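In the working numbering, the protein residues as written are 12 to 293. Note that CB positions come from ideal geometry on N, CA and C, so glycine has one too. All of these numbers come straight from a predicted model, not from anything done at the bench.
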């Protein structure tokens, strides 16, 4: 684990893995560390992966203000991370909420982004995606895990948890919804996340005040970097509806929809995800 100190005196931790040109990676949640990236589909064989642990997550200090988890806060940390790495311009990958941060950063600092990958993310949560999400959840109703995962999902979205450890347990229970198929490989992946303690303040602020109101669509025209938008066809939370809207909003963006794949594109479609990233950078 590596770390640096921000201008405000906080420690931000990050992982370095692999070799080759640097690819800066921002995980999602919000409130989760880069642990869930794992080896990011083996991309360390082609890139040096600089995987940030956002504020409050594994090894990174929590801000004194429990509400200091806005998109602007994360964008500011990402800019300090870039400067710490000594990069004039960076290749940037954001997944899920990390993709929200990445697109906001790329729009506000276009001169600092060389290439941009927006994975399993969205610029706005609107009615069409909400309907798609409800349909995707209903389609899993016959799964043996459905009732427990549904109860956990509803409790998480309603903020019905006490400690961050309580939230961690809820997240593990709801994760089956995030896959196109929840079989043994997916179960092993979820088990590998045990011990991750998310930042409840970050997720609560996002769920209560940000998720249904934020709209980055007006900023997408400010992104000038070549951009890849990549999403699983069965991602129930940031699906094709969101991906197509992103690709239409960013000039010249390339769109890849991975079949038989949910939210964790680098897990369920490891080979195709890595190949798509390789083709984009080639």
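Pick out whichever of 75, 54, 96, 151 has its Cα sitting closest to the Cα of residue 286. In the chain shown, counting from the first residue as 1, residue 286 sits at position 275. If we check each option's Cα against that of residue 286, 54 comes out closest.
Cβ-Cβ distance between residue 160 and residue 153 below 9 Å: Here residue 160 is taken as the residue at index 149 of the chain shown, counted from 1. Here residue 153 is taken as the residue at index 142 of the chain shown, counted from 1. No, these two residues do not count as a Cβ contact at 9 Å.
Counterpart residues of residue 241 in DSSP-defined beta bridges: As a working mapping, residue 241 is identified with position 230 in the chain shown. For residue 241, which the question treats as bridged, DSSP gives the partners 130, 267.
Could you pull out every residue in the same chain whose Cβ sits closer than 7 Å to the Cβ of residue 98, ignoring the five residues on either side in sequence? Translated into positions along the chain shown, residue 98 becomes position 87. Correct list, in chain order: 33.
Looking at C-alpha atoms only, which residue of 187, 145, 82 is the closest neighbour of residue 163? For the purposes of this step, residue 163 is taken as the residue at position 152 of the chain shown. Ranked by how close their Cα comes to the Cα of residue 163, the residues 187, 145, 82 have 187 in first place.
Could you pull out every residue in the same chain whose Cβ sits closer than 7 Å to the Cβ of residue 43, ignoring the five residues on either side in sequence? The count along the chain shown starts at 1 and reaches residue 43 at position 32. Here the set comprises 68, 207, 209.
Check whether the Cβ atoms of residue 234 and residue 262 sit closer than 9 Å, and answer yes or no. Position 223 of the chain shown, counted from the start, is the residue given in the question as residue 234. Position 251 of the chain shown, counted from the start, is the residue given in the question as residue 262. Cβ atoms of residue 234 and residue 262: closer than 9 Å.
Pop quiz: residue 63 and residue 23 are said to be a contact at Cβ under 8 Å. What is the actual Cβ separation, rounded to whole angstroms? The residue given as residue 63 occupies position 52 in the chain shown. The residue given as residue 23 occupies position 12 in the chain shown. Sure, about 7 Å apart at Cβ, within 8 Å.
Looking at C-beta atoms only, is the number of pairs between the stretch 110 to 121 and the stretch 78 to 87 that lie closer than 8 Å three or more? Enough Cβ pairs lie closer than 8 Å, so yes.
For residue 132 and residue 111, the rounded distance between their alpha carbons: As a position in the chain shown, residue 111 is number 100, starting the count at 1. As a position in the chain shown, residue 132 is number 121, starting the count at 1. When only Cα atoms are considered, residue 111 and residue 132 end up about 7 Å apart.
Would a C-beta distance cut-off of 9 Å place residue 264 and residue 238 closer than the cut-off? Reading the chain shown from its first residue, position 253 is the one you call residue 264. Reading the chain shown from its first residue, position 227 is the one you call residue 238. Taking C-beta atoms as the reference points, residue 264 and residue 238 count as a pair closer than 9 Å.
Which runs of the beta strand (DSSP E) spanning at least 3 residues fall entirely within the stretch 39 to 81, listed in chain order? Within the stretch 39 to 81, the complete beta strand (DSSP E) runs of at least 3 residues are 59 to 64.
Counting Cβ pairs closer than 8 Å, one from the stretch 194 to 208 and one from the stretch 220 to 229, do we hit at least three? By the Cβ rule, the stretch 194 to 208 does not count as touching the stretch 220 to 229, because fewer than three pairs are nearer than 8 Å.
Buried or exposed: where does residue 282 fall if 16 or more other Cβ atoms within 10 Å of its Cβ makes it buried? Numbered from its first residue, the chain shown carries residue 282 at position 271. Taking a 10 Å sphere around the C-beta of residue 282, we find fewer than 16 other C-beta atoms and assign the residue as exposed.
Top-ranked residue by Cα proximity to residue 104, from 25, 130, 173, 215: Counted from its first residue, the chain shown places residue 104 at position 93. Sorting 25, 130, 173, 215 by C-alpha distance to the C-alpha of residue 104 places 130 at the top.
Is residue 107 helix, strand or coil when you go by DSSP? Within the chain shown, numbered from 1, the residue matching residue 107 stands at position 96. Residue state, collapsed to three classes: coil.
Where the alpha helix (DSSP H) containing residue 123 begins and where it ends: Translated into positions along the chain shown, residue 123 becomes position 112. Here residue 123 belongs to no alpha helix (DSSP H), and DSSP marks it neither H nor E.
Using the three-state DSSP reduction, which class does residue 26 fall into: helix, strand or coil? Translated into positions along the chain shown, residue 26 becomes position 15. DSSP places residue 26 in strand when its eight states are reduced to three.
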